[in-house]
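Protein chains in written order, with the working numbering: chain A, 1 to 224; chain B, 1001 to 1257.
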């Protein structure tokens, strides 16, 4: 008798527990914080997600092609050294381990500016699709941070020049347009950073250096 | 044997199970209640078609990213199995593996820190700005930069790996990382040497963030230093379309001096 009542109690608790777990998961996975957003904000969000999903589909198509080529080569008992080299250069360039050249924009910031505002510019360039960025000639990779007070900034621990120069490789129209559009970041900085003059110029060919950092985390191991 | 262990032994196993289940229940009830923050909540009846679109697009995106990770894994496997001109191929594969790890294309595990940042649960006083009481993209960027300064070696936010091209952006108060829409609370998983949290709290920008955002508006900061943290791989395009890897092509030398 005692056992039965215990089992009943356990069953009841398990039921309620399961119900609440589901509720909780729904609340987390759903767009719990979207309700207060304007239709305009939501439309921009939808556009961003659509663009990204298209990019991801493009990447999937490219990877499927690569995988197909690899399988064909392997079936013939070959290994494409050229393909390995091409892959290596693409990943090293993207990661910052190799220099990258190409068209893009150069942002010159003259006069004192907060480190956070420089970070805003870099983030906006990434958001607009920059493929590689350098700040004062230092390649922007994970771990590179702009710090210090206006007029005495440091980039990755090195004192910045009087004029901070940010170079970004990518579509110059998209990169420049995002920064300089009406109400864009350059317009906002004119109000929030009155001491700094921000100039954005398209450049046909930029040459960004490779990072000097070791990007392989020393304390980590790949998770299989 | 102490009195406590003797008493624990005397407990029936179902009592222990029940106690654990009840504790879990209490935790979940609390979590459910706590998730009612200053962000406006809604029920399914209130969902606008636009919100439905956002939710379903984000779900599509998650599926696409899983597929990318799967394909990357298969390519890595096949390339690793490559035979042929053994030394050259093995050397290239080692370099590729290193490059993938450096790029953030491989999940990593090691010592580290998990920081959780949640919106304020304080009531927003009339006349105050509601946005001050919720986490902004700028808050997250400040924390990420402070973590790098503290010596973090790899970081992910709610499963999105922070790479060289990762943007952390506000779209009308919602936060996108790698163009993925993230829901609060935000968990930053940072891999790095032991003592990362102590060094983080010594970074001036982090101390200032806690003072100006947590102390002033009630944003909630929590942390844990588990034995091991896992930072997932980046799942997205690894493309240079405008750019080209490698040093700039040198113009032909223009004669001697």
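Note that beta-carbon positions come from the ideal geometry of N, C-alpha and C, so glycine has one too.
### Query
If we call anything under 8 Å between Cβ atoms a contact, is residue 84 (chain A) one with residue 1182 (chain B)?
At the C-beta level, residue 84 (chain A) and residue 1182 (chain B) stay beyond 8 Å of one another.
### Message
Check for me: the beta strand (DSSP E) holding residue 1112 (chain B) runs from which residue to which?
### Response
1112-1118 is the extent of the beta strand (DSSP E) around residue 1112 (chain B).
#### Entry: Whole-angstrom distance between residue 37 (chain A) and residue 1020 (chain B), CA atom to CA atom
Going by the C-alpha atoms only, they are around 40 Å apart.
### Message
Does the stretch 159-173 of chain A come into contact with the stretch 1221-1237 of chain B, if we say contact requires no fewer than three beta-carbon pairs (one atom in each stretch) closer than 8 Å?
### Response
The stretch 159-173 of chain A vs the stretch 1221-1237 of chain B: no contact.
#### Entry: Closer than 7 Å at the beta carbon, the chain B residues around residue 223 (chain A)
What residue 223 (chain A) touches in chain B, judged by beta-carbon distance under 7 Å, is 1107, 1108, 1109 and 1230, going in chain order.
### Task
Determine the burial state of residue 4 (chain A): buried for a count of at least 16 other Cβ atoms within 10 Å of its Cβ, exposed for fewer.
It is exposed - the Cβ of residue 4 (chain A) has fewer than 16 other Cβ atoms within 10 Å.
### Task
Give the DSSP-derived three-state secondary structure of residue 1227 (chain B) in the structure shown.
Note: residue 1227 (chain B) maps to coil in three-state DSSP.
#### Entry: Check whether residue 1168 (chain B) and residue 1144 (chain B) have beta carbons under 8 Å apart
Contact check for residue 1168 (chain B) against residue 1144 (chain B) passes: the beta carbons are separated by less than 8 Å.
#### Entry: residue 1139 (chain B), buried or exposed, once every other Cβ within 10 Å from all chains shown has been counted against 16
By the beta-carbon neighbour count (other beta carbons within 10 angstroms, threshold 16), residue 1139 (chain B) is buried.
### Task
Identify every residue that forms a DSSP beta bridge with residue 173 (chain A).
DSSP lists no beta-bridge partner residue for residue 173 (chain A).
### Message
Between residue 38 (chain A) and chain B, is the shortest Cβ-Cβ distance under 8 Å, so that the two count as touching?
### Response
Yes - at least one Cβ of chain B is within 8 Å of the one on residue 38 (chain A).
### Query
Mind checking residue 1065 (chain B): buried by the 16 CB within 10 Å criterion, or exposed?
Residue 1065 (chain B) comes out buried.
### Message
To the nearest angstrom, how far is the alpha carbon of residue 1222 (chain B) from that of residue 124 (chain A)?
### Response
Distance between the alpha carbons of residue 1222 (chain B) and residue 124 (chain A) is about 28 Å.
### 8 Å contact criterion, which residue 1061 (chain B) and residue 49 (chain A) should meet: CB distance rounded
The pair is a contact, with the Cβ atoms about 6 Å apart (cut-off 8 Å).
### Message
Rounding to the nearest angstrom, what Cα-Cα distance links residue 1049 (chain B) and residue 112 (chain A) in this structure?
### Response
Distance between the alpha carbons of residue 1049 (chain B) and residue 112 (chain A): 46 Å.
### Query
Helix or strand or just coil, what does DSSP make of residue 1174 (chain B)?
Three-state result, residue 1174 (chain B): strand.
### Task
Measuring only between beta-carbons, confirm whether residue 1162 (chain B) sits less than 8 Å from chain A.
Between residue 1162 (chain B) and chain A, the shortest Cβ-Cβ separation is below 8 Å.
#### Entry: Proximity test, Cβ basis, 8 Å: residue 1145 (chain B) and chain A
Answer yes: the Cβ-Cβ gap between residue 1145 (chain B) and chain A drops below 8 Å somewhere.
### Message
Looking at the secondary structure, which residues open and close the alpha helix (DSSP H) in which residue 1199 (chain B) lies?
### Response
Segment 1196-1201, the alpha helix (DSSP H) holding residue 1199 (chain B).
### Query
Where does residue 222 (chain A) fall in DSSP's three states?
Correct three-state label for residue 222 (chain A): strand.
### Message
Can you pull the chain B neighbours of residue 170 (chain A), defined as C-beta to C-beta under 8 Å?
### Response
Per Cβ cutoff of 8 Å: 1242 and 1243.
### Task
With a 10 Å radius around its C-beta and 16 neighbouring C-beta atoms as the bar for buried, classify residue 1184 (chain B) as buried or exposed.
It is buried - the Cβ of residue 1184 (chain B) has at least 16 other Cβ atoms within 10 Å.
### Task
Could you pull the start and end residues of the alpha helix (DSSP H) that residue 110 (chain A) belongs to?
Run containing residue 110 (chain A): none in the alpha helix (DSSP H); it sits in the beta strand (DSSP E), 100-110.
#### Entry: Nearest-angstrom Cα separation, counted from residue 1103 (chain B) out to residue 215 (chain A)
If I take the Cα positions, the gap works out to 8 Å.
#### Entry: Reduced DSSP category for residue 1255 (chain B) - H, G, I as helix; E, B as strand; rest coil
Any reading at residue 1255 (chain B) must be qualified, since the residue scores a pLDDT of 42, below 50, and its modelled position is unreliable; the value itself is stated next. Correct three-state label for residue 1255 (chain B): coil.
#### Entry: Three CB pairs or more closer than 8 Å across the stretch 1196-1208 of chain B and the stretch 174-181 of chain A
Contact between the stretch 1196-1208 of chain B and the stretch 174-181 of chain A is absent, because fewer than three Cβ pairs lie under 8 Å.
### Query
Can you give the Cα-Cα distance for residue 1154 (chain B) and residue 7 (chain A), rounded to whole angstroms?
Rounded to whole angstroms, residue 1154 (chain B) to residue 7 (chain A) spans 47 Å at the Cα level.
### Per DSSP, the bridge partner or partners of residue 148 (chain A)
For residue 148 (chain A), which the question treats as bridged, DSSP gives the partners A:153.
### Outcome for residue 75 (chain A) when other beta-carbon atoms lying within 10 angstroms are tallied against a minimum of 16
With fewer than 16 Cβ atoms within 10 Å of its Cβ, residue 75 (chain A) is classed as exposed.
### Message
Are the CB atoms of residue 1131 (chain B) and residue 1231 (chain B) within a distance shorter than 8 Å?
### Response
Residue 1231 (chain B) places its beta carbon 8 Å or farther from that of residue 1131 (chain B).
### Message
One question on the structure: do residue 140 (chain A) and residue 1164 (chain B) come within less than 8 Å of each other, judged by their Cβ atoms?
### Response
In contact: residue 140 (chain A) and residue 1164 (chain B) (Cβ atoms closer than 8 Å).
### Message
Can you tell me whether residue 1079 (chain B) is buried or exposed? The criterion is at least 16 other CB atoms within 10 Å of its CB, across all chains shown.
### Response
So residue 1079 (chain B) ends up on the buried side.
### Task
Give the DSSP-derived three-state secondary structure of residue 59 (chain A) in the structure shown.
Looking at residue 59 (chain A) - three-state DSSP - the assignment turns out to be helix.
### Message
Please list, in chain order, the chain A residues whose beta carbon lies closer than 9 Å to that of residue 1103 (chain B).
### Response
Neighbours of residue 1103 (chain B) on chain A, chain order: 91, 92, 94, 95, 96, 97 and 215.
### Task
Under 7 Å between beta-carbons, which chain B residues line up against residue 88 (chain A)? List them in chain order, please.
Under the 7 Å cutoff, chain B gives 1092, 1095, 1096 and 1099.
### Task
Would you be able to state if there are at least three C-beta pairs under 8 Å between the stretch 52-68 of chain A and the stretch 1068-1077 of chain B?
By the Cβ criterion, the stretch 1068-1077 of chain B is in contact with the stretch 52-68 of chain A, since at least three pairs of Cβ atoms, one from each stretch, lie closer than 8 Å.
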